[in-house]
Each structure stands twice: as C-alpha cells, then as structure tokens.
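Engineer: There's a structure below that I have some questions on.
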Amino acid sequence: MRLSRYFLPVLKETPAEAQIVSHRLMLRAGMIKQASAGIYSWLPLGYKVLRNIERIVHEEQVRAGHIPMLMPTLQSADLWRESGRYDDYGEEMLRISDRHGRDMLYGPTNEELVTDIFRAHVASYKDLPLTLYHIQWKFRDEIRPRFGVMRGREFLMKDGYNFDLTKDAALHAYNRHLVSYLRTYERMGLQAIPMRADSGPIGGDYTHEFLVLAETGESEVFYDSAVTDLTFGDREIDYDSVAQCQSILEEFTSRYARTDETHDEALYAQIPEERRRSARGIEVGQIFYFGTTYSEPLGALVDDGQGGRVPVHMGSHGIGVSRLLGAIIEASHDDKGIIWPEGVTPFHCGIVNLRQGDAGTDSACAALEAALTARGLEPLYDDTEERAGAKFATMDLIGLPWRITVGPRGVEKGQVELTSRRTGESEEMSPEAAVARVGEIYGV
Ligand code: P5A
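As structure tokens, then:
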C-alpha cells in the first residue's frame, strides 16, 4: 500500500477527550473515530488490526474444534422473556420496537438465541458434544462508556456456546476454552492471566476472567506473582484429551489469582508475602459454566440414550475482540507511539523513502515494495513528499514493527536500513537481505 493513496488521518494534537494512552494513540494514529458515545467507526488502519485479531481468534477456535457461524445483532424480546432475563437485564439492554410494535433488542450476548437454534435442530445425545461460536457486534448501554474501545457501548465480541450431555463433558468444554484462550492471547503478544471471578448477569457459579495487567485496567486484581511466570508457548495440544486440558487448567489456575469480586483475604494471606500482588487489569475474556440455566427454561432437551430426555449442560465463553486493540496498545507502546506485536500488525513493515522524487530512491523503494509483496508480505510505503523526520514520526506512531529506510547515499552503496520499532536498533544491508530478513521474521 502506498501512503499517498491510503486513508490514514493521523492527528498532530493529542485529543483532549482521551484519558488513557491506548485511546489517545488510536485516535492519533487514525484508527478510530467516535460516532457517538461509546460507538466508533473503524478507520482503515484500525479495521486492519481488528480483522487480524479476529483471524487469530477464528484460527484458535477452529483448532479447538469449535464451529463458526453468525447470528444477528437484533433479537426478539420473546426469547429473553422465556429465559427470564428480559426484565432482569436492566438498563444495559437497548430495547427497540419495530413498526409492528414488536419488542426487539440489540443483543448484549447470545445465550438465548443460540439455545433456540439448538432446541430447533438437536434432539439426541448422539449430536453432542457441540460448540458453536460467532464474532459479532454487541450492544450494552454502559452507564459510563469510556477509554475508547475499551469500554464501548457497541463492541465486537467472540462468543461461543457449548452443549454437552453431562456436567463432566461441559467442564471439559470449559477447560478446552481456557486452553484455547491462553494460546489466542499469546499469539497477540499478550499475557492474559485466568482469574476466578464473578458471573454477573450471565449466571452460573464457575467462571474465570482473563486479565492483562495494566495500570489503566478497570478491574482490581489480587494474585500470586508466580502466575506471571507461566507461559503457554508452542505446546502441542490434543483438544479431545480430557486429561491434557484439565492439567493445563490446573497449571494456570491453581495459584491464587482473583478479581476483587471474589477476593478472599484469608487465602491471599497464605501466599508468601514477597509474592503477594495487588494490581489493575484489563478483562479481555471470560468463560462460564452454567449447566442448565438456559436449557431448562428454554426446553433444550436431548434424548440421553437411556430412554430419558434431559436438559443439556452449557457454558458460554467470550473474548473482547475490539477491547483487545486497547489492551494490546496499553501493553505495548512507548512515548513515540504504538508498537504492534508481529501477530496483529496492520502492515508487516514500513518503507520510508528519504528523498521522494529522486529516481534512485524511488525505484529502489518500488523494487522493495514489489519484492516484499511477492513474498506474501504487505508493506506500507511512505511515498509522500513529507520530510524525513515527519515520515519517521508517523511510522513510529502507527507502530509497524519493522521499517526499511531508503536514502540516496545508501542506494549508491546498494544498502538500505532495517530498523526494529521495539528496540530502535538499525542495521544496514542489501535490499534482498532486508526482504529475506522480514520474510523470516513473519515465517514466509
Ligand atoms: C460469554 C460469551 C459474556 O457476555 N456471554 C457470551 C458471555 N461474557 S462477558 O464477560 O460479559 O463479555 C465477554 C467479553 O466481552 C468484552 N466486553 C466488552 N468490550 C468492550 N466494551 C464493553 N462494554 C464490553 N463488555 C464486555 C470483555 O472482554 C469481556 O470479557
């Protein structure tokens, strides 16, 4: 992509309304624009990162054996009356009536809708286990939308729902989700710690939230610092293995880690003092087991193979897809701007032409762009007439992990400069070597 043809409305000034760094940087880097309180348009650069996060979420869900689908944003109030949640959900639910006076709502979550699909089409234990998921916009009329995409009113969520014959089978689905989430967040360059939490309006009594530690996080958390030493890494997982998923859950949840809602001072006091931590965190996901809370009132029953018909055991599992952009930036930035982890970066690398209009640098940049593209990479080539300092500032602000700088002196020597956004270190090399190096970094 050539910057001269792209739409990247970067802001020079720091927007006054943004209180935290991720919100400021998303506005300054031209990623989002507020449409109304807690509702954002996703400008091209922000949209690209959002799509990358979605892709990782999809890949990891499919790897875990979960099945993608798509449910609508608008739902009928009648289904929510059946579960009893229509009145309970309160003012966070946006209620709408259509031209016929039918009560509708903009879905804040989909337990009812997915259970309705299940009860219409599944009648036998032979069709279980089943986990359906989608990535879809949600609306919650938050009393205090703030921090940009972090606490929006309209936000993108991955929500998955498991259906199982027994509690044990549903707990395996819970564990499977926990494992797949650990992998998912790590691919985005994040450490998200599972912590015992409160289930709120979703229900059930077994739930973990995934928290990214950050000073600007909205949740207060208490944990044993040993949990921060755990990494998932490149493990081979058999998602059908009950024992393997269970042992990973134990590894990641046996140490004390809780949000303030479930914090227990007596248990906390048992952690060796030097390992006790209280901090703030950003909730980037939550998993729930709630048994038959929805299947019973909605009549989602299956033949159990022994002559009976029983309500299925369910859980639901959410990832805050749009919130993750904010969380990643909170965890990865410096005073010049964003530093994208390679897994989610909107462009693989930037190309900066130090003397636009010079035949030598122009053709060297065009050749680099073509070679990177041929290798399956997507560069952003700053071919504008801006001066070098401004070009570097924009590249630093938008956070591409790698930058290739092309100047007249280098071109004469057959050299370009490859710079890491994270370390600031630069290395001179031939254009071919730079393309090969960037290709290796991204595994292409
Ligand atoms: C699980 C999936 C649920 O709604 N039902 C379906 C369950 N869980 S949850 O914890 O309430 O939400 C899942 C994740 O969505 C993100 N999230 C938000 N992101 C941005 N703005 C909001 N207002 C918002 N509310 C929730 C969080 O990451 C949460 O973990």
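For the sequence shown, the residue numbers in this note's numbering are -19 to 424. In this text, a Cβ means the ideal position worked out from N, Cα and C, and glycines have one as well. None of these values were measured; they are calculated from a predicted model.
1. Tell me the DSSP secondary structure of D185 in three-state form.
2. Excluding five sequence neighbours on each side, which residues of the same chain lie with their C-beta closer than 6 Å to the C-beta of A172?
3. Pull up the distance between the alpha-carbon of P291 and that of D144, whole angstroms please.
4. One question on the structure: do V324 and V29 come within less than 9 Å of each other, judged by their Cβ atoms?
5. Rounded to the nearest angstrom, what separates A149 and G45 at their Cα positions?
6. Please find out if some non-hydrogen atom of the ligand P5A comes closer than 8 Å to the beta-carbon of H488.
7. Any heavy atom of the ligand P5A within a distance shorter than 8 Å of the CB on P52?
8. Could you give the residue range of the alpha helix (DSSP H) that holds V425?
9. Does the region 307 to 314 come within contact of the region 346 to 361, defined as at least 3 CB pairs closer than 8 Å?
10. Going by the DSSP bridge assignment, what does N142 pair with across the sheet?
11. Contact defined as beta carbons within less than 8 Å: I believe Y20 pairs with I33. What is the distance between those atoms, to the nearest angstrom?
12. Three or more beta-carbon pairs under 8 Å between the region 295 to 302 and the region 129 to 142, yes or no?
13. The beta strand (DSSP E) spanning R257 covers which residue range?
14. Which ranges does the alpha helix (DSSP H) cover as unbroken runs of at least 4 residues, wholly within the region 183 to 239, from first to last along the chain?
15. Looking at the secondary structure, which residues open and close the beta strand (DSSP E) in which K13 lies?
16. Could you tell me whether any non-hydrogen atom of the ligand GTP is closer than 8 Å to the CB of V129?
17. Do the CB positions of T233 and S2 come within less than 9 Å of each other?
18. Any idea what DSSP makes of L90, helix, strand or coil?
19. Between which two residues does the alpha helix (DSSP H) holding P277 run?
20. Measure from the C-beta of T233 to each C-beta in chain B and report whether the shortest distance is under 9 Å.
21. Taking all protein chains shown into account, do 16 or more other C-beta atoms lie within 10 angstroms of the C-beta of K(-8), making it buried, or fewer, making it exposed?
22. Taking Cβ positions, are G379 and W320 nearer each other than 9 Å?
23. Report whether the distance from the Cβ of Q266 to the nearest heavy atom of the ligand P5A is below 8 Å.
24. Would you please state the rounded distance, in angstroms, between the beta carbons of R383 and G330? I believe it to be under 8 Å.
Structural biologist: Reading it off the structure:
1. coil
2. Y165, F190, V192, V264
3. 9 Å
4. yes
5. 14 Å
6. With the chain covering only -19 through 424, there is no way to say anything about residue 488.
7. no
8. Outside the shown range of the chain, which is -19 to 424, sits residue 425, and nothing can be said about it.
9. no
10. T111, G295
11. Wrong, their Cβ atoms sit about 15 Å apart, outside the cutoff.
12. yes
13. 256 to 271
14. 222 to 233
15. 12 to 16
16. Although the ligand GTP was asked about, the structure shown includes only the ligand P5A as ligands.
17. no
18. For the record, residue 90 in the displayed sequence is Asn; it is not Leu. In this structure, N90 counts as coil in the three-state DSSP scheme.
19. 275 to 278
20. Reference to chain B is not applicable here, since this structure consists of a single protein chain.
21. exposed
22. yes
23. yes
24. 4 Å
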